[in-house]
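Participant: In the working numbering, the protein residues as written are 66 to 315. Next up is a structure, given as structure tokens.
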Amino acid sequence: MDMLLGLLVILGVIAAVVTVTGRTRRAKALERKEAELEPVRKLVFEDITALGEELQELDLELAGHELDAGMNADYQRALDSYEAAKTAGDRITEPEQVKHVTEILEDGRYAIACVTARVAGEPLPTRRPPCFFDPRHGLSVADVPWTPPGGAQRDVPACALDAERVRAGAEPDVRQVMVGSRRVPYYEGGRAYQPYAMGYFGAFGPMEWMFMGMLFSGGFEALGGLAEGIGDGIGEIGGGIGDMFDGFDF
66 MDMLLGLLVI LGVIAAVVTV TGRTRRAKAL ERKEAELEPV RKLVFEDITA LGEELQELDL
126 ELAGHELDAG MNADYQRALD SYEAAKTAGD RITEPEQVKH VTEILEDGRY AIACVTARVA
186 GEPLPTRRPP CFFDPRHGLS VADVPWTPPG GAQRDVPACA LDAERVRAGA EPDVRQVMVG
246 SRRVPYYEGG RAYQPYAMGY FGAFGPMEWM FMGMLFSGGF EALGGLAEGI GDGIGEIGGG
306 IGDMFDGFDF
């Protein structure tokens, strides 16, 4: 009877330890997720702010111009994109939701380019991907050959200034992000930045190469995080069971 009671106690304690360990692992997973999401969320809001500043500049450019139906439609589309991006940005809780925000921003910038072209009496611009080196630079004007560190040469879309820099052998103006204590190009930021880029470039088929190989992979970081989580869980279970058996005299 005593042995049965002892066994029941042991099983109860094990169940309690497993429950607590599961909660701890979930809490740590949420902490890791938030730590990964926060810099990407910050990046998105910087892009939203940049679009707002472009709209302010557009307002100055339009001062004194009477908007025809086409201009007004494109202008309203840009304004709506800005408001929609702010709303979607405030609701970001998952990395995948970032893609929706940058899709909106990409459309808003194209609308601005259309307004600018109409005011100048020029043809509407061809719908091209944003500048790869920094999507805030706006529509790309050409594809230029570029070789990422440790990678193979490929053609990437670039704005006029970055295209000129690359052709001259200079460094393009690359968007930098913080990864730990280091500043790196956003396309080296790991998997957390995939949705950010996919929103800007995912609609352009030839850009699929960006999401392969080393760019945005973060493969080893992801595996490291998984291994760390598994190790923490096993350690906590082992520690809990060890503490439990300290109370028994065999």
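Ideal placement from N, C-alpha and C gives every residue a C-beta, glycine not left out.
Which residues does DSSP pair with A150 in a beta bridge?
Facilitator: BP columns for A150 are empty, so no partner.
Participant: Terminal residues of the continuous beta strand (DSSP E) containing Q241?
Facilitator: Q241 to V244
Participant: Going by C-alpha distance, which of D112, A185 and A207 is nearest E168?
Facilitator: Measuring from the Cα of E168, the nearest candidate turns out to be D112.
Participant: Suppose contacts are defined by Cβ-Cβ distances below 8 Å. Is A262 in contact with Y252 by that definition?
Facilitator: yes
Participant: Pick from A207, F197 and H202: whose alpha carbon is nearest that of P213?
Facilitator: With distances taken between Cα atoms, P213 lies closest to F197.
Participant: Is the CB-CB distance between Y147 and V180 below 8 Å?
Facilitator: no
Participant: Rounded to whole angstroms, what's the CA-CA distance from M279 to D238? Just pull it up for me.
Facilitator: Since pLDDT at M279 reaches only 46, below the 50 mark, its modelled position is unreliable, and the value read off the structure follows with that caveat. So the two alpha carbons sit approximately 20 Å from each other.
Participant: Name the residue from A150, Q162, E118 and Q121 whose alpha carbon lies nearest to the alpha carbon of Y258.
Facilitator: Among A150, Q162, E118 and Q121, the Cα nearest to that of Y258 belongs to Q162.
Participant: Is the beta carbon of L102 sitting closer than 8 Å to the one on L170?
Facilitator: Result no, Cβ atoms of L102 and L170 do not sit closer than 8 Å.
Participant: In angstroms with no decimal places, state the Cα-to-Cα distance between R192 and G203.
Facilitator: Taking the straight line joining both Cα atoms gives about 11 Å.
Participant: Is DSSP giving A223 helix, strand or coil here?
Facilitator: strand
Participant: Please work out which residues of its chain come closer than 6 Å, Cβ to Cβ, to V109, disregarding the five sequence neighbours upstream and downstream, and give them in chain order.
Facilitator: G154, V163 and V166
Participant: Spatial neighbours of G232 within its chain, please: C-beta separation below 7 Å, excluding the five flanking residues on both sides.
Facilitator: According to the sequence provided, residue 232 is Arg. The question's Gly does not apply to it. Once the five neighbours on either side are set aside, the close Cβ partners of R232 are V209.
Participant: Determine the burial state of A178: buried for a count of at least 16 other Cβ atoms within 10 Å of its Cβ, exposed for fewer.
Facilitator: Burial call: buried.
Participant: So, at 7 Å on beta carbons, what are the nonlocal neighbours of D220 in its own chain, with the 5 sequence-adjacent residues on each side left out?
Facilitator: Cβ within range, chain order: D208, V209 and P210.
Participant: Pull up the CB-CB distance for V105 and P160, whole angstroms please, since I reckon it's below 8 Å.
Facilitator: 6 Å
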